[in-house]
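Report on the structure given below.
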Amino acid sequence: MRGRLIDLLRHGEVEGGNRLRGSCDDPLSARGWSQLRAATAGLDEPRLVVSSPSLRCAAFARELAARRGLELVLEPALAERHFGDWEGCSASELPEDERWRLWDDPLGFTPPGGEPMPDFLARTRTAWRALLDGGGPDALVVTHGGVIRAILAEVLEMPPRAMILLEVVHAGRSRVRVPPSPGRPSLVTHRGP
18 MRGRLIDLLR HGEVEGGNRL RGSCDDPLSA RGWSQLRAAT AGLDEPRLVV SSPSLRCAAF
78 ARELAARRGL ELVLEPALAE RHFGDWEGCS ASELPEDERW RLWDDPLGFT PPGGEPMPDF
138 LARTRTAWRA LLDGGGPDAL VVTHGGVIRA ILAEVLEMPP RAMILLEVVH AGRSRVRVPP
198 SPGRPSLVTH RGP
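So the sequence shown is residues 18 to 210, counted in our numbering.
Structure below.
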């Protein structure tokens, strides 16, 4: 049996360049809009669009849902990890002695005032499982790189430390097949725009 298909789509490029945005609500750049439109142009018709409420995800999700006449659900649990005092900083602006701890020890290191990785993983896992357990139609999930890494780590049963090794580019799309019970979800494709 085919099962359900869930496409995970990372938002496109954002105004202001590469930064730790987390809960910063920066809009997509013109290029980001183009990237997302191209990434979804040949996409099989989902019947449901689920999106992070962040502007860089939700603005495109709203446009797509309206254009195709699809149901749209904004899911707060699919928001990016909050980086605390590092919100809005580029990598070069981070304290040099702590810069790489965020990636080298994702479970043990939390940026000052940020969301601990175990909390972020629990939040995204809960949202993912609710989407799976809810049954429902094929869906497109418009979200963030960190959220997609966390979901794919769950699907692939990867340790959290390894999820940083999953490259998730702007407007990249990962497709997960969800077979009927008792089958387990599997990664079908993972690619850039």
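Glycine included, every Cβ here is placed at the ideal spot set by N, Cα and C. These figures come from a predicted structure and were not determined experimentally.
Self-check item: Nonlocal neighbours in the same chain, by C-beta distance under 7 angstroms from G153, ignoring five residues either side
Solution: L65
Quiz prompt | Separation of W103 from L37, as counted between CA atoms | solution = 7 angstroms
Quiz item: For T143, does the three-state DSSP call read helix, strand or coil?
Solution: helix
Quiz item: Roughly how many angstroms separate the alpha carbons of A83 and H99, rounded to a whole number?
Solution: 29 angstroms
Quiz item: For the region 112-123 against the region 62-81, are there 3 or more C-beta pairs whose distance is under 8 angstroms?
Solution: no
Quiz item: Can you list, in chain order, the stretches of the beta strand (DSSP E) that have 3 or more residues and sit fully within the region 107-178?
Solution: Counting only runs of 3 or more, we get 156-160.
Quiz item: Going by the beta-carbon positions, is the gap between L26 and V158 smaller than 8 angstroms?
Solution: yes
Quiz item: Among the residues of its own chain, which have a CB less than 8 angstroms from the CB of A55, if the five just before and after it don't count?
Solution: A188 and P210
Quiz item: Based on Cα-Cα distance, which residue from V195, L169 and A47 lies nearest to L149?
Solution: Comparing Cα positions, the closest option is V195.
Practice problem: With a threshold of 16 other CB atoms inside 10 Å of the CB of V205, please say whether the residue is buried or exposed. | Solution: exposed
Quiz prompt | Backbone CA spacing between E110 and R19 [nearest angstrom] | solution = 47 angstroms
Practice problem: Measure the CB-CB distance between R85 and E62 and report whether it falls below 8 angstroms. | Solution: yes
Practice problem: In the DSSP assignment, find the alpha helix (DSSP H) that holds R19 and state where it starts and stops. | Solution: Counting along the chain, R19 falls outside any alpha helix (DSSP H), and DSSP gives it neither H nor E.
Practice problem: Counting only the same chain and skipping the five closest in sequence on each side, list residues whose C-beta sits under 6 angstroms from that of P128. | Solution: F100, G101 and W103
Quiz item: Hey, quick one: how far does the alpha helix (DSSP H) through S51 stretch, first residue to last?
Solution: Where S51 is concerned, the enclosing alpha helix (DSSP H) stretches over A47 to A58.
Self-check item: Own chain, CB closer than 7 angstroms to V168, minus 5 neighbours either side, in chain order
Solution: With the sequence shown as reference, residue 168 is identified as Ile, and Val is not the correct amino acid for it. Excluding sequence neighbours, I168 sits near L25, T141 and W145.
Exercise. Tell me whether L182 is buried or exposed, calling it buried when 16 or more other Cβ atoms sit within 10 Å of its Cβ.
Key: exposed
Practice problem: Tell me whether L87 sits in a helix, a strand or coil according to DSSP, three-state version. | Solution: coil
Exercise. Check whether the Cβ atoms of A94 and P44 sit closer than 8 angstroms, and answer yes or no.
Key: no
Quiz item: Exposed or buried, what is R166 when buried is set at 16 or more other beta-carbons lying within 10 Å of its beta-carbon?
Solution: Flag for R166 reads buried.
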